[in-house]
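Peer 1: Quick mapping for you: the protein sequence lines, in order, are chains Z and B. With the numbering used here applied, the first sequence covers 25 to 315. With the numbering used here applied, the second sequence covers 25 to 315. Glycine included, each C-beta is placed from N, C-alpha and C at the ideal position. Every value quoted in this text rests on a predicted model; they were computed, and no experiment measured them. A single structure is presented below for examination.
2 protein chains.
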Amino acid sequence: MSAAEQPLIKRMAVIGVGLIGGSLARVLREKGAVGEVVGIGRGEANLRRGVELGVLDRYSLDAKEGVQGADLVFIATPVCSIPGVVAEIAPFLAPGAIVTDGGSVKEYVVEACEQLMPEGTFFVGGHPIAGTEHSGVEASFATLYQGKRCIVTPTPRTDPAALAKVVEVWKLAGSTVPLMDPVQHDRVVGAISHLPHMVAYSLVNAVDGYDRFGGELLSFTAGGFRDFTRIASSDPVMWRDIALTNRDAILETMDFFAGYLAKLRSMVEAGDAAALESFFLNSKQKRDAIL
Amino acid sequence: MSAAEQPLIKRMAVIGVGLIGGSLARVLREKGAVGEVVGIGRGEANLRRGVELGVLDRYSLDAKEGVQGADLVFIATPVCSIPGVVAEIAPFLAPGAIVTDGGSVKEYVVEACEQLMPEGTFFVGGHPIAGTEHSGVEASFATLYQGKRCIVTPTPRTDPAALAKVVEVWKLAGSTVPLMDPVQHDRVVGAISHLPHMVAYSLVNAVDGYDRFGGELLSFTAGGFRDFTRIASSDPVMWRDIALTNRDAILETMDFFAGYLAKLRSMVEAGDAAALESFFLNSKQKRDAIL
Chain Z
25 MSAAEQPLIK RMAVIGVGLI GGSLARVLRE KGAVGEVVGI GRGEANLRRG VELGVLDRYS
85 LDAKEGVQGA DLVFIATPVC SIPGVVAEIA PFLAPGAIVT DGGSVKEYVV EACEQLMPEG
145 TFFVGGHPIA GTEHSGVEAS FATLYQGKRC IVTPTPRTDP AALAKVVEVW KLAGSTVPLM
205 DPVQHDRVVG AISHLPHMVA YSLVNAVDGY DRFGGELLSF TAGGFRDFTR IASSDPVMWR
265 DIALTNRDAI LETMDFFAGY LAKLRSMVEA GDAAALESFF LNSKQKRDAI L
Chain B
25 MSAAEQPLIK RMAVIGVGLI GGSLARVLRE KGAVGEVVGI GRGEANLRRG VELGVLDRYS
85 LDAKEGVQGA DLVFIATPVC SIPGVVAEIA PFLAPGAIVT DGGSVKEYVV EACEQLMPEG
145 TFFVGGHPIA GTEHSGVEAS FATLYQGKRC IVTPTPRTDP AALAKVVEVW KLAGSTVPLM
205 DPVQHDRVVG AISHLPHMVA YSLVNAVDGY DRFGGELLSF TAGGFRDFTR IASSDPVMWR
265 DIALTNRDAI LETMDFFAGY LAKLRSMVEA GDAAALESFF LNSKQKRDAI L
């Protein structure tokens with residue numbers, strides 16, 4: 025970008041400067057797409073670290089103050105807190121400001137937040153499907169979103185120009201940006217992300233609780249188990265909020281999964297060699313196709 | 025090793041030259057611990073490739089012929105076939121020969137094979153807890169067993185000198201070698217390996233079968249899902265045999281897991297924030313402790 029060009033975003037406020045918020049700030053800075061980044065949060069040490077790392081230009085512990093003059097506000101806090109954050113900042117938003125988020129559940133967030141926005145400011149829901157099991161600004165990096173998908177969830181009430189700008193931001197971050205209805209988003213992500221997390225958390229708890237051998241079971245695990253359960257190390261508060269806000273889709277997909285597990289159990293019980301091999305083969309073929 | 029020293033094993037026959045068999049041959053050759061490696065199998069192209077890759081010195085399509093003069097026979101075929109292989113080769117084993125295996129289920133294998141061994145030859149069960157989702161001799165590599173565990177499963181009938189030699193082989197391959205009763209082995213491995221595979225296979229089938237969105241669900245999956253389901257790409261025939269031969273332990277651990285899944289389901293249904301957070305936190309803490 026030449027010095028004469030205006031950046032895409034003059035001032036971005038990031039509320040919740042962790043892996044998700046920090047990584048978006050990093051990549052937009054790297055692309056010269058943002059003039060100033062203001063970090064907002066409650067943990068001052070983390071925010072100070074964000075400035076030291078060059079992720080933020082400055083920070084504020086007060087969201088009302090921090091969002092002033094921002095043309096883009098990115099909320100990257102746990103899902104349940106997002107509507108409360110929007111309610112708090114709404115009266116202090118600059119005219120034309122766009123608020124977007126990175127929450128993993130969209131119907132709950134979008135429905136609540138759209139209603140809270142003052143005239144002439146705009147909410148657009150988003151969900152970058154990217155992450156690691158690490159958290160905090162230290163864990164953030166500019167290529168987190170490279171080659172990933174960020175689902176953006178407009179509704180009939182979404183402002184087209186605001187939508188276009190949020191899509192552009194995520195494309196700049198390196199993601200492809202499918203658009204999806206918030207309800208459809210919650211079912212898709214319920215199946216491909218929330219369900220696997222529920223399964224992984226249950227599995228680690230079960231293996232840990234299986235006490236036939238004095239609790240040393242986990243010490244025998246090999247690479248397969250560790251990879252398989254990596255997502256069971258994800259942030260408990262974040263996942264508590266997802267389970268609370270995408271309840272129906274999670275229950276539906278858990279029941280769907282439990283049906284398959286029961287089907288496999290009956291094949292094992294019956295010693296049905298042909299059915300077992302075909303169940304495993306279908307899984308292998310479907311899994312290999314997404315590599 | 026100086027030229028004057030005898031290698032630990034003069035001639036090793038490997039029955040089933042894939043990832044497991046090929047990798048053991050590679051590392052023992054690298055350490056100078058084996059004089060000659062004879063590959064045995066049904067797929068001649070694979071065996072020829074094993075010679076080209078330097079994994080094998082020569083090969084035979086006939087197990088009876090291939091094991092002649094071998095002081096160590098390593099059987100790395102699917103679990104169900106192991107007793108049949110031992111029955112076939114038993115009359116042709118050299119005096120003092122040790123037969124060991126790499127099967128993932130031990131009670132079934134050890135009980136059957138011990139009874140088949142002629143006087144003056146010895147069976148010792150083993151299970152290297154290592155692997156990737158790839159198979160075939162092309163996928164084998166000398167460091168597969170480095171830093172892993174190989175559980176060896178002696179019984180009251182096991183010859184102590186044969187046991188010591190099998191332990192030494194796996195230590196040379198870079199593994200630690202816990203000894204375990206075959207029944208205990210099957211419960212431990214049922215929980216930490218067989219159960220996760222049953223869960224992963226069920227999950228991929230469930231997500232694939234969840235048809236609300238026209239079957240394109242899997243295309244939305246991110247790294248977390250891919251890592252989580254890597255083990256669902258494992259060899260269907262190998263896992264069919266494991267499910268058939270470790271039936272009781274697998275049913276027990278599946279039921280145990282299903283209990284945890286049901287517990288989590290009721291927390292989600294009740295919207296119990298505190299219980300959800302503590303369920304996820306326990307999993308995270310236990311998982312992080314095995315990193």
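1) Whose CA, out of V79/Z, F116/Z, V292/Z, L227/Z, lies closest to the CA of K308/B?
2) For the 8 Å Cβ check, are there 3 or more pairs between the stretch 134–144 of chain Z and the stretch 266–273 of chain Z?
3) Cβ of W263/B less than 8 Å from any chain Z Cβ?
4) Can you determine whether any heavy atom of the ligand GDP sits closer than 7 Å to the C-beta of E29/Z, and answer yes or no?
5) Which partner residues of Y83/Z appear in the DSSP bridge assignment?
6) Answer with yes or no whether the minimum CB distance from G295/B to chain Z is below 8 Å.
7) With a 10 Å radius around its C-beta and 16 neighbouring C-beta atoms as the bar for buried, classify E143/B as buried or exposed.
8) Measure the CB-CB distance between L96/B and I33/B and report whether it falls below 8 Å.
9) For my contact list, F244/Z and V212/B are in at a C-beta cut-off of 8 Å; report their separation, rounded to the angstrom.
10) Am I right that M262/B and L219/B are in contact with their C-beta atoms under 8 Å? What's the rounded C-beta distance?
11) For V277/Z, go through chain B and note every residue whose CB falls closer than 9 Å to its CB, in chain order.
12) So, is L288/Z buried or exposed, given that buried needs 16 or more other C-beta atoms within 10 angstroms?
13) Go through its chain and collect everything with a Cβ distance to M25/Z's Cβ below 6 Å, but skip five positions before and after it.
14) Are the beta-carbon atoms of V79/Z and R50/Z separated by less than 8 Å?
15) Let me know if A256/B comes out buried or exposed under the rule of 16 or more other beta-carbons within 10 Å of its beta-carbon.
16) Mind checking if M222/B is an interface residue toward chain Z, Cβ cutoff 8 Å exclusive?
17) Less than 8 Å between CB atoms is the rule here; does S164/B satisfy it with respect to chain Z?
18) Entirely within the stretch 85–121 of chain Z and at least 3 residues each: give me those beta strand (DSSP E) ranges in chain order.
19) On the three-state DSSP scale, how would you describe P152/B?
20) For S199/Z, return the contacting residues in chain B, with the cut-off set at a CB-CB distance below 7 Å.
21) Please list the partners that P107/Z has in chain B, where partner means a Cβ-to-Cβ separation under 7 Å.
22) First and last residue of the beta strand (DSSP E) that includes T277/Z?
23) Would you tell me roughly how many angstroms separate the C-alpha atoms of A197/Z and S47/Z, rounded to the nearest one?
24) Measuring CB to CB, does V109/B end up less than 8 Å from Y83/B?
25) Which residue marks the beginning of the beta strand (DSSP E) containing I216/B, and which one marks its end?
26) Can you name the residues of chain Z whose CB is closer than 7 Å to the CB of P260/B?
27) Hey, does A100/Z have any beta-carbon neighbour from chain B nearer than 8 Å?
28) Distance check for G295/Z and G65/B, CA to CA, integer angstroms please.
29) Using a C-beta cutoff of 8 Å, does F249/Z count as contacting chain B?
30) Chain Z beta carbons: is any one of them nearer than 8 Å to that of Y225/B?
31) With distances taken Cα to Cα, identify the nearest neighbour of A37/B among G59/B, L242/B, L168/B.
32) Could you tell me the boundaries of the alpha helix (DSSP H) in which K189/B lies?
33) Considering only residues of the same chain and omitting the five flanking positions on each side of T200/Z, which have a CB-CB separation below 7 Å?
34) With a CB to CB cut of under 6 Å and the five nearest residues on each side skipped, what residues in its chain are close to W194/B?
35) Name, in chain order, the residues that DSSP records as bridge partners for L203/B.
36) On a CA-only basis, which of P115/Z, L77/Z, V75/Z is nearest G93/Z? Give me that one, please.
Peer 2: For this structure:
1) The sequence position of residue 308/B within the second sequence is 284, counting from 1. Taking only the C-alpha atoms, the option nearest K308/B is L227/Z.
2) Remark: fewer than three beta-carbon pairs, one from each stretch, lie closer than 8 Å, so the stretch 134–144 of chain Z and the stretch 266–273 of chain Z are not flagged as touching.
3) For the purposes of this step, residue 263/B is taken as the residue at position 239 of the second sequence. Yes, W263/B counts as interfacial toward chain Z.
4) The ligand content of the structure shown is nil, which means the ligand GDP is not present either.
5) Taking the first residue of the first sequence as position 1, residue 83/Z is located at position 59. Looking at the DSSP output, Y83/Z sits in a beta bridge with G63/Z.
6) The count along the second sequence starts at 1 and reaches residue 295/B at position 271. It does: the Cβ of G295/B has a partner Cβ on chain Z nearer than 8 Å.
7) One-based indexing of the second sequence puts residue 143/B at position 119. E143/B is exposed by the Cβ-count criterion.
8) Indexing the second sequence from 1 puts residue 96/B at position 72. Indexing the second sequence from 1 puts residue 33/B at position 9. Yes; because the gap between Cβ atoms is below 8 Å, this pair is in contact.
9) Residue mapping note: residue 244/Z aligns to position 220 of the first sequence, counting from 1. Residue mapping note: residue 212/B aligns to position 188 of the second sequence, counting from 1. With a Cβ gap of about 6 Å, F244/Z and V212/B count as contacting.
10) Here residue 262/B is taken as the residue at index 238 of the second sequence, counted from 1. Here residue 219/B is taken as the residue at index 195 of the second sequence, counted from 1. About 16 Å; that fails the 8 Å criterion.
11) Numbered from its first residue, the first sequence carries residue 277/Z at position 253. It is Thr, not Val, that sits at residue 277/Z in the sequence shown. Within 9 Å Cβ-Cβ: A230, V231, Y234.
12) Reading the first sequence from its first residue, position 264 is the one you call residue 288/Z. So L288/Z ends up on the buried side.
13) Start at 1 with the first residue of the first sequence, and residue 25/Z comes out as number 1. Model confidence at M25/Z stands at a pLDDT of 47, short of 50, so the residue's coordinates are unreliable and nothing is read from them.
14) The count along the first sequence starts at 1 and reaches residue 79/Z at position 55. The count along the first sequence starts at 1 and reaches residue 50/Z at position 26. A contact, by the Cβ cut-off of 8 Å.
15) In the second sequence, counting from the first residue as 1, residue 256/B sits at position 232. Answer is buried; the Cβ neighbour count reaches 16.
16) As a first step, residue 222/B is located in the second sequence; it is residue number 198 there, counting from the start. Chain Z, which has a Cβ nearer than 8 Å to the Cβ of M222/B, makes this yes.
17) For the purposes of this step, residue 164/B is taken as residue 140 along the second sequence, with counting starting at 1. No, its Cβ sits nowhere closer than 8 Å to a Cβ of chain Z.
18) Inside the stretch 85–121 of chain Z, DSSP marks whole beta strand (DSSP E) runs of 3 or more residues at positions 96–99, from first to last along the chain.
19) As a position in the second sequence, residue 152/B is number 128, starting the count at 1. Correct three-state label for P152/B: strand.
20) Your numbering for residue 199/Z matches position 175 in the first sequence. By Cβ distance, chain B contributes nothing, its closest Cβ being about 11 Å from S199/Z, past 7 Å.
21) Position 83 of the first sequence, counting from 1, holds the residue named residue 107/Z. Neighbours of P107/Z in chain B, taken as residues at a C-beta separation under 7 Å, are lacking, since the least C-beta distance is about 16 Å.
22) For the purposes of this step, residue 277/Z is taken as residue 253 along the first sequence, with counting starting at 1. Counting along the chain, T277/Z falls outside any beta strand (DSSP E), though it belongs to the alpha helix (DSSP H) covering 271–294.
23) Your numbering for residue 197/Z matches position 173 in the first sequence. Your numbering for residue 47/Z matches position 23 in the first sequence. Going from the Cα of A197/Z to the Cα of S47/Z covers about 9 Å.
24) The residue labelled residue 109/B in the question sits at position 85 within the second sequence. The residue labelled residue 83/B in the question sits at position 59 within the second sequence. In this structure, Y83/B does not lie closer than 8 Å to V109/B by Cβ.
25) Within the second sequence, numbered from 1, the residue matching residue 216/B stands at position 192. Annotation: I216/B is outside any beta strand (DSSP E) and is labelled neither H nor E by DSSP.
26) Here residue 260/B refers to the residue found at position 236 when the second sequence is read from its first residue. Simply E301, F304, L305, K308.
27) In the first sequence, counting from the first residue as 1, residue 100/Z sits at position 76. No, no contact with chain B.
28) Walking along the second sequence from the start, residue 65/B turns up at place 41. Walking along the first sequence from the start, residue 295/Z turns up at place 271. Take the alpha-carbon of G65/B and the one of G295/Z: they are about 27 Å apart.
29) One-based indexing of the first sequence puts residue 249/Z at position 225. Yes, because at least one Cβ of chain B sits closer than 8 Å to the Cβ of F249/Z.
30) What you label residue 225/B is simply residue 201 of the second sequence in a count that begins at 1. At least one chain Z Cβ lies under 8 Å of Y225/B.
31) Locating residue 37/B in the second sequence gives position 13, where the first residue counts as 1. Checking every option, the nearest Cα to that of A37/B belongs to G59/B.
32) Here residue 189/B is taken as the residue at index 165 of the second sequence, counted from 1. That run of the alpha helix (DSSP H) goes 184–196.
33) As a first step, residue 200/Z must be located in the first sequence, where it is residue number 176. Non-local C-beta neighbours of T200/Z in its own chain, meaning closer than 7 Å and more than five positions away in sequence, comprise R173, ordered along the chain.
34) Position 170 of the second sequence, counting from 1, holds the residue named residue 194/B. Contacts found: C174, V201.
35) For this step, residue 203/B is matched to residue 179 along the second sequence. Bridge partners of L203/B: V176/B.
36) Here residue 93/Z corresponds to residue number 69 of the first sequence, with the count starting at 1. The residue with the shortest Cα to Cα distance from G93/Z is P115/Z.
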